[in-house]
Amino acid sequence: MQKCSSCKHENNLDSEECQQCGSTLKGKLDMRYEGAHRRSQQRNQTLIDKVWRFFASVRNGMYILLLTVLATALGTILPQQIYIPIGRLPQEFYKSEYGVFGSLYHNLGFDQLYSSWWYMTLLGLLGASILIASIDRFFPLYRALKLQPVKRKEHFLRRQLYVRNKEISDPERLLSHIGGKRYRIRQDGDTYLAEKNRFARWGPYVNHIGLLLVLLAAFLRLFSFFYQDEFVWIRDGETAVVPDTNQSLFIKNKQFSVDTYDVDDPKFEAAIEQEGRTIPKSFSTDIIVYEAENHIAGDTPDLKVLKQMQVSVNHPVKAAGFTIYQSGYQLNEFSGLTLRAENEDGITADFQVDTEDPKVEYELANGLHAKLVDYYPDYQLNGDTIITATKYPRNPAFVFDISEGDMTERLFISIDEVVSETGSNKYNIKAVDYDTHNVTGLSVKRDLTLPVFLLGGLIFMMGLIQGLYWQHRRIWLHRQADGTYLIAGHTNKHASSFEREMDRILDVYDKRERG
Amino acid sequence: MEKLSILSGHLLEAAFITYLLGIILFTWSAAKQRHGLTERIAWGVTAAGWIAQLGFFILRWVYSGHAPVSNLFEFMTFFGMMLILVLLIMYRFYRYPLLAVMALVISILIIGCAAMFPREVAPLVPSLQSHWLYIHVTTAALGEAVLAVSFFAGFLYILHETDQEKQHKRVWLIEAIIVLILSVAGYMLLAISFRTFGYTASVMTADASIIYQLPPVFVPSDMVSSPFPFGISVPDWMRGENAALKLNTIFLSLLSGCVLYILIRFFTRKRIGAALQPLVRRMPKDMLDDIGYRSVAVGFPIFTLGALIFAMIWAQQAWDRFWGWDPKEVWALITWLFYAAYLHIRMLKGWQGIRSAWLAVIGFCIIMFNLLAVNLLIVGLHAYA
Chain V
1 MQKCSSCKHE NNLDSEECQQ CGSTLKGKLD MRYEGAHRRS QQRNQTLIDK
51 VWRFFASVRN GMYILLLTVL ATALGTILPQ QIYIPIGRLP QEFYKSEYGV
101 FGSLYHNLGF DQLYSSWWYM TLLGLLGASI LIASIDRFFP LYRALKLQPV
151 KRKEHFLRRQ LYVRNKEISD PERLLSHIGG KRYRIRQDGD TYLAEKNRFA
201 RWGPYVNHIG LLLVLLAAFL RLFSFFYQDE FVWIRDGETA VVPDTNQSLF
251 IKNKQFSVDT YDVDDPKFEA AIEQEGRTIP KSFSTDIIVY EAENHIAGDT
301 PDLKVLKQMQ VSVNHPVKAA GFTIYQSGYQ LNEFSGLTLR AENEDGITAD
351 FQVDTEDPKV EYELANGLHA KLVDYYPDYQ LNGDTIITAT KYPRNPAFVF
401 DISEGDMTER LFISIDEVVS ETGSNKYNIK AVDYDTHNVT GLSVKRDLTL
451 PVFLLGGLIF MMGLIQGLYW QHRRIWLHRQ ADGTYLIAGH TNKHASSFER
501 EMDRILDVYD KRERG
Chain B
1 MEKLSILSGH LLEAAFITYL LGIILFTWSA AKQRHGLTER IAWGVTAAGW
51 IAQLGFFILR WVYSGHAPVS NLFEFMTFFG MMLILVLLIM YRFYRYPLLA
101 VMALVISILI IGCAAMFPRE VAPLVPSLQS HWLYIHVTTA ALGEAVLAVS
151 FFAGFLYILH ETDQEKQHKR VWLIEAIIVL ILSVAGYMLL AISFRTFGYT
201 ASVMTADASI IYQLPPVFVP SDMVSSPFPF GISVPDWMRG ENAALKLNTI
251 FLSLLSGCVL YILIRFFTRK RIGAALQPLV RRMPKDMLDD IGYRSVAVGF
301 PIFTLGALIF AMIWAQQAWD RFWGWDPKEV WALITWLFYA AYLHIRMLKG
351 WQGIRSAWLA VIGFCIIMFN LLAVNLLIVG LHAYA
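Quick note, the sequences are listed as chains V and B, same order. Okay, so the first sequence: first residue is 1 according to UniProt numbering, each after it adds one. Okay, so the second sequence: first residue is 1 according to UniProt numbering, each after it adds one.
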């Protein structure tokens with residue numbers, strides 16, 4: 001289609017005069033999509049047509065894309081919620097770190113921007129635009145190129161990008177030069193059409209299919225059938241069940257190990273000193289994966305060894321349809337604390353508290369009675385309140401009621417401090433000893449969408465290369481009434497290198513002519 | 001082995017000096033009307049510099065035992081090296097000395113900045129121990145280097161097309177870009193001179209002491225004492241990590257950029273854009289527009305492969321998720337989306353030429369933002385590189 005400059009009527013590419021007002025159509029032809037009629041350009045005005053027209057427009061697609069760019073950038077101004085320090089409350093974190101702006105950022109939901117409904121909507125709109133704009137263009141373009149005639153009107157040829165009038169005594173020889181540049185040549189009477197790399201025109205549609213596959217894969221992730229993401233913390237020597245596997249998959253941590261770089265290595269000495277601490281060399285866990293057999297709820301299951309292996313960072317392992325990644329660790333977590341309580345007479349007695357599963361009541365040898373009121377496995381002060389950052393015993397603290405007869409005192413006990421909450425200071429209690437263990441953090445994932453993502457990525461790359469590394473070029477050779485030839489050329493991109501190629505072909509022809 | 005490390009350092013210095021020489025030769029060649037011997041010598045000298053830098057790269061690899069692309073110093077020098085490689089190849093097709101000057105200037109500024117970051121050979125933490133480290137980083141850097149060519153061509157196009165007498169807004173934007181580029185040079189000069197004299201200033205705050213490598217003009221709001229008499233407290237809301245230190249560096253860089261700008265104007269006696277225009281005017285503008293588009297067309301797939309696809313495959317292996325909204329990842333995505341937009345917008349009527357050129361300038365700003373600002377201003381998993 002070409003628009004008439006005086007009355008705006010849409011005419012065919014081949015027309016010389018406007019079919020509405022009769023004025024002559026001039027200027028270089030806009031050859032995009034071969035001037036094919038697209039659905040979005042028809043004048044039907046039902047609601048569906050309007051929606052179709054909206055999404056088929058590249059301009060509108062670009063508005064959506066640029067909006068997405070801005071939104072994406074907005075999410076990096078402050079750290080996203082997933083990256084704030086563990087145990088900090090978002091409300092409090094953003095306010096205390098970034099002031100009023102931080103509060104606003106948090107309250108507007110920008111700290112979880114990438115999972116917000118409106119960001120998802122933007123991505124959905126982008127997908128709709130990619131899909132509809134592609135369908136709207138591909139089929140008409142495909143038909144137009146497939147059915148293109150060799151013979152075109154002179155008027156059409158004269159308005160191409162590259163136009164020359166030339167006396168050609170030996171068109172066969174010129175054609176063989178053109179053929180030497182990998183053009184395929186068709187003939188119709190006195191007119192020739194040389195064409196190459198038409199497949200480059202399909203590149204954009206191929207890469208859009210790849211993109212849509214990627215978006216589809218992202219959508220599939222919402223279903224647990226395709227995507228399951230579990231995480232287990234396992235102490236050295238212990239076995240844990242992987243959650244949500246119907247109690248069928250168990251992993252034992254035989255041994256977690258950390259290796260660090262040698263501080264005296266002359267090669268890395270300077271860098272380690274700059275860092276100010278040792279630099280880890282590897283994190284790995286020796287694991288055994290078990291499958292539960294004959295499992296009846298409530299019973300201890302019979303475990304069958306599936307695999308024994310080592311998992312380390314960058315070297316995930318596969319077992320029972322899951323991939324297991326080394327993705328966390330905790331050194332020296334507390335397994336148990338020994339507390340020493342002193343009664344009014346100064347007689348002490350020790351008792352053990354298990355940090356994993358503490359007992360509630362303790363009868364002590366010196367006649368005291370301890371009752372566990374509250375337990376914070378990983379305690380932190382958050383303003384004036386005590387919270388637990390995680391459920392893992394990394395910094396355990398307890399609230400005990402210590403009593404003898406009807407005297408009761410409430411005490412807060414952590415590793416390094418004791419506070420009497422009742423203020424009576426009758427009994428003394430403190431931590432005197434502890435046991436520790438190492439914990440490995442394994443991420444256990446089943447992700448059936450990965451192949452779809454990968455396939456989408458591959459198709460996208462193929463389409464990109466197809467569309468961007470080749471250009472669709474055409475040369476028309478038309479014998480005019482006076483016997484000279486009209487040479488017209490078109491390329492879908494990189495005009496200057498096409499002109500260079502054309503000039504070179506004609507130069508070579510001329511040189512032979514003279515020589 | 002120690003010797004290898006020292007030799008490799010010297011090779012980088014040699015490359016740096018050779019590139020400077022390359023700038024002079026290419027500029028001279030651009031000033032002369034005809035292409036010829038100077039141009040060929042300039043190309044040869046630049047190529048020699050590149051070989052020296054390749055030597056630096058290989059020796060450092062041998063010495064450290066891993067591809068030297070694992071921290072900011074190593075990545076930025078590598079990016080500079082890729083810029084020169086792209087220039088050398090591109091020059092076989094498009095023989096425009098000014099494009100070469102642009103590429104060389106940007107490249108040595110990047111390599112110069114790289115030298116301001118810690119240069120020690122550091123061991124790789126577990127997540128970095130993968131072949132994907134160099135597959136991902138090298139491809140991404142190459143892609144960014146090819147994309148950068150569109151900025152060189154775009155900037156020249158803008159210089160070419162701007163009417164220095166009438167288009168005031170554009171004229172000042174050009175001068176602003178020049179000041180920005182000069183600020184990077186200014187920062188380099190400042191940092192090198194203060195480092196040579198061993199200057200450090202330690203500013204005490206309520207709970208820490210911060211070491212400044214440059215005079216502490218901007219100090220934290222809770223400062224207790226400073227060796228520099230005129231400290232300006234940064235506002236209370238700037239609480240990011242080392243906010244005052246970063247603001248201080250940015251301020252002094254811009255200040256030195258302005259000083260350099262004024263010095264240059266003192267010699268040219270007119271706006272720098274106006275002084276450069278006669279050189280640029282000889283270049284065919286349609287060709288510049290074509291080069292700009294072509295470099296995006298070539299660079300975009302390489303960037304996609306290196307900065308997104310390879311990155312995602314590695315992230316899946318090392319961090320158990322291929323995408324985690326880490327700031328560096330996000331800005332790679334923004335870069336990608338932006339250039340995708342560039343490729344589409346160019347198809348719209350009226351968006352070739354000057355508008356495309358401006359888009360190319362913005363695109364390069366995004367790449368630079370991701371290279372430097374994300375590491376310096378936003379903390380993320382890529383904090384090391």
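C-beta atoms are modelled at their ideal positions from N, C-alpha and C, and glycine is treated no differently. The structure displayed is predicted, hence computed values, not measured ones.
- Following the DSSP letters along the chain, one finds Trp202(V) in no alpha helix (DSSP H), marked with neither H nor E.
- For Leu98(B), the closest Cβ of chain V is not nearer than 8 Å.
- Take the alpha-carbon of Ser193(B) and the one of Ser29(B): they are about 31 Å apart.
- Ala145(B) counts as buried, since at least 16 other C-beta atoms from the protein chains shown sit within 10 angstroms of its C-beta.
- When the alpha-carbon of Val439(V) is set against those of Tyr392(V), Gly423(V), Gln148(V), the nearest one is in Tyr392(V).
- Going by C-alpha positions, Tyr63(V) is about 14 Å away from Thr121(V).
- Annotated as proximal: Thr388(V) and Asp378(V), with beta-carbon spacing under 8 Å.
- Contacts with chain B (Cβ-Cβ distance below 9 Å) from the region 45-63 of chain V involve Val58, Arg59, Gly61, Met62, listed in chain order.
- For Gly457(V), the neighbours in chain B by C-beta distance under 7 Å run, in chain order, Ile309.
- Ile135(V) has a beta carbon lying at 8 Å or more from every beta carbon in chain B.
- Annotated as proximal: Arg446(V) and Gly321(V), with beta-carbon spacing under 8 Å.
- Using a Cβ-Cβ cut-off of 8 Å, Gly75(V) is close to Trp325, Val330 of chain B, given in chain order.
- Fewer than three pairs of CB atoms, one per stretch, sit closer than 8 Å, so the region 10-18 of chain B makes no contact with the region 31-38 of chain B.
- When beta bridges are read from the DSSP output, Ala349(V) appears opposite Ala341(V).
- Within the same chain, and ignoring the five residues on either side of Lys359(V) in sequence, the residues whose Cβ sits closer than 8 Å to its Cβ are Val353, Leu372.
- Close to chain B, meaning a Cβ-Cβ distance shorter than 9 Å, are the following residues of the region 296-319 of chain V: Ser312, Val313, Asn314, His315, Pro316.
- Its chain contains Tyr261 as the residues whose beta carbon lies nearer than 7 Å to that of Phe268(V), once the 5 sequence neighbours on both sides are disregarded; these appear in chain order.
- At least 8 Å separates the beta-carbon of Val69(V) from that of Leu25(B).
- DSSP places Thr46(V) outside any alpha helix (DSSP H), giving it a letter other than H or E.
- By the 16-neighbour rule on beta-carbons within 10 angstroms, Val224(B) is exposed.
- Residue environment for Gln274(V): exposed (fewer than 16 other C-beta atoms within 10 angstroms of its C-beta).
- In the three-state DSSP reduction, Lys371(V) falls in the strand class (E or B).
- Residue pairing from DSSP places Ala194(V) in a beta bridge opposite Ile185(V), Ile475(V).
- Assignment of Lys304(V) by DSSP, reduced to helix, strand and coil, places it in the strand class.
- Contact between Asn253(V) and Glu238(V) is confirmed by a C-beta separation of about 6 Å, below the 8 Å threshold.
- When rounded, the separation of the alpha-carbon atoms in Ala217(V) and Val452(V) is 6 Å.
- Every beta strand (DSSP E) stretch that sits fully inside the region 193-265 of chain B and reaches 3 residues is listed by chain position as 201-205, 209-212, 223-225.
- Proximity of the region 153-172 of chain B to the region 275-286 of chain B meets the contact definition, three or more beta-carbon pairs being nearer than 8 Å.
- In the DSSP assignment, Ile487(V) falls within the unbroken beta strand (DSSP E) covering 485-491.
- The secondary-structure analysis by DSSP pairs Gln380(V) across a beta bridge with Ile387(V).
- DSSP places Phe139(V) in the uninterrupted alpha helix (DSSP H) bounded by 117-146.
- Within chain B, not a single residue places a beta-carbon under 8 Å from that of Val214(V); the smallest gap is close to 10 Å.
- Legend: CB atoms of the UniProt domain "Cytochrome c assembly protein" (70-181) of chain B lying less than 7 Å from CB atoms of chain V belong to residues Pro118, Glu120, Val121, Ala122, Pro123, Val125, Pro126, Ser127, Gln129, Ser130.
- The C-beta distance from Gly353(B) to Asp289(B) rounds to 6 Å, short enough to fall under 8 Å.
- The three-state secondary structure of Tyr362(V), taken from DSSP, is strand.
- Your pair Asn197(V) and Trp470(V) checks out as a contact, with CB atoms roughly 4 Å apart and the cut at 8 Å.
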